[in-house]
Structure formats: C-alpha cells, structure tokens
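Residue numbers for the sequence shown follow this note's numbering, beginning at 8 and rising by one. See structure below.
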Amino acid sequence: MKKFLLLALIGIFFSTASFAQDDQGIQDDLTEYIQLTKDMKFDALMEYINPELFEFVPRELLVQTFEEIFNTPGMDFSFGDFTVEKVHPSISADGKTYALVDYAMDMTMKFTGEAAEEMDDEALDLMESMFAMQFGEDNVERLDGKAFKINTEKTMIATKVPDVDHWYFIEQSGEMQGIIDSIVDKEVQEQLLKAKLVQ
C-alpha cells in the first residue's frame with residue numbers, strides 16, 4: 008500500500024514538474040513572439056508561428072501582409088503593455104504537446120500626415136465604432152491627436168513538436184476557425200477547452 012502511494016506521489020510530482028516546465032517555456036516563447044511583433048521583425052516572427060499555417064497562407068505572403076499593414080502610409084502603430092494572463096494545463100496527442108494561453112496587450116494607432124488631415128470627426132467616429140465592434144467598446148479609447156488605444160485579450164494555441172526547441176503559436180479566433188480545425192484536431196481542441204474550464 009505504501010509503495011502504491013509512493014508511486015502515485017512520484018507520478019503527481021513529475022506531472023506537475025512537467026507542466027511547470029511547459030508553463031515557463033510557453034511564457035518565455037510567447038514573450039519573444041510579442042517582442043518580435045513589437046519590433047516588427049516579421050520574418051523572425053514566422054519561426055514562432057505554427058508552420059502548418061503556411062499550407063494555407065504562404066510564409067512569404069504572411070510576412071508581406073504584416074509589413075504592408077504596419078507600414079501603411081499615414082498610420083503609426085506602437086505596442087504597449089503585454090501580459091501572459093494564464094497558461095492552461097497542457098495535453099499530449101499525436102506526439103505533440105498543446106496548451107491554451109490567454110494574454111493581454113495594448114496597441115496605439117495614430118493617423119499622421121495627409122491621412123490625419125483627411126480624418127474628420129465623422130470618419131473618426133466611424134473608425135471608433137468599427138474598433139468597438141471588433142474589440143469591445145470598453146477596450147477602445149479615443150486619444151488626442153487622431154489616435155486610438157486598443158486593448159486586446161486573446162487566446163493562443165501553443166504547440167510543441169519533437170526536435171524543435173521552442174513552442175509554436177496560432178491565434179484562436181472565429182475568423183481562423185476553419186484553418187485551426189485543419190491544423191489542430193477537434194478532439195484536441197475539446198480537451199484543451201475542458202482543461203481550461205476545470206481549472
């Protein structure tokens with residue numbers, strides 16, 4: 008009986024230790040992911056994006072899209088605070104390890120030059136309404152100087168594959184759901200959700 012209890016305790020210890028390692032590794036890699044985004048180093052950022060996504064959107068096209076968005080003439084983007092809110096329990100399936108990660112960050116978008124001159128109050132009101140619909144009214148703040156501050160709370164699916172020393176990430180969102188279903192098995196998604204809800 009004592010031997011059984013000892014084995015059970017050892018099993019719990021190693022399970023907890025493994026999760027703690029996953030937790031720290033995910034936090035470190037997601038922090039690097041966000042820093043590369045802030046620095047707009049999009050080619051390096053691709054190393055942390057789930058490579059299976061590139062079967063749907065070529066890597067080069069994704070880099071180009073990011074560069075076009077964040078280098079749009081007349082618009083300046085800057086990123087503020089970033090916080091990993093929660094790393095949920097990881098699960099293993101098909102030789103991979105998965106976990107859901109909740110995080111929050113804020114971004115400021117400012118109109119400059121001719122774009123700022125063209126943005127009258129009516130256009131700014133419309134832009135504010137669009138952002139409120141996308142991010143939630145409480146997460147959008149209109150600033151002086153024709154600028155907006157947007158607070159976002161998102162969930163990533165983190166994936167660890169054998170022989171790769173870092174985690175991959177893909178955003179969990181309704182717009183991406185069709186692609187996510189092709190990358191992460193639905194049963195795995197259900198297990199991740201259960202692991203999140205039981206905490």
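Yeah, the Cβ is synthetic: ideal placement off N, Cα and C, and Gly gets one too.
Original post:
What separation, rounded to the nearest whole angstrom, lies between the Cα atoms of lysine 45 and isoleucine 56?
Top reply: 15 angstroms
Subject >> Per-residue burial, isoleucine 76 [other beta carbons within 10 Å of its own, 16 or more giving buried] >> reply: exposed
Original post:
Is it true that the stretch 168–188 meets the stretch 128–145, where meeting means three or more beta-carbon pairs spaced less than 8 angstroms apart?
Top reply: No: fewer than three Cβ pairs fall under 8 angstroms.
Subject >> Residue burial classification, glycine 87 (beta-carbon count within 10 angstroms, cutoff 16) >> reply: exposed
Subject >> Buried or exposed (CB count within 10 angstroms, at least 16 for buried), leucine 200 >> reply: Leucine 200 comes out exposed.
Original post:
Can the beta-carbon of glutamine 31 be found less than 7 angstroms from the beta-carbon of isoleucine 98?
Top reply: no
**OP:** Indicate whether isoleucine 1 and isoleucine 164 have their beta-carbon atoms separated by less than 7 angstroms.
**Re:** With the chain running from 8 to 206 in the structure shown, residue 1 is simply not present.
Subject >> C-alpha gap between threonine 38 and glutamine 179, whole angstroms >> reply: 17 angstroms
**OP:** Out of Val70, Thr104, Phe73, Met114, state which residue places its alpha-carbon closest to the alpha-carbon of histidine 173.
**Re:** Thr104
Subject >> Separation of aspartate 151 from aspartate 109, as counted between CA atoms >> reply: 30 angstroms
Original post:
With a CB to CB cut of under 8 angstroms and the five nearest residues on each side skipped, what residues in its chain are close to lysine 193?
Top reply: none
**OP:** Along the beta strand (DSSP E) that carries isoleucine 164, what are the first and last residues, could you check?
**Re:** 154–167
Subject >> Local conformation of serine 97 per DSSP, three classes >> reply: coil
Original post:
What's the C-alpha gap between glutamate 124 and isoleucine 41?
Top reply: 32 angstroms
Original post:
Going by beta carbon distance, what residues of the same chain come within less than 7 angstroms of lysine 203, once the five residues before and after it are set aside?
Top reply: His95, Leu107
Original post:
Is methionine 116 near threonine 159, with beta carbons less than 7 angstroms apart?
Top reply: Threonine 159 is positioned such that its CB atom lies no closer than 7 angstroms to that of methionine 116.
**OP:** Determine the closest residue to leucine 52 out of Ala139, Phe73, Met82, with distance taken between C-alpha atoms.
**Re:** The residue with the shortest Cα to Cα distance from leucine 52 is Phe73.
Original post:
How is the alpha helix (DSSP H) around aspartate 50 delimited, first residue to last?
Top reply: Note, aspartate 50: alpha helix (DSSP H), 49–52.
**OP:** Put threonine 72 into one of helix, strand or coil per three-state DSSP.
**Re:** helix
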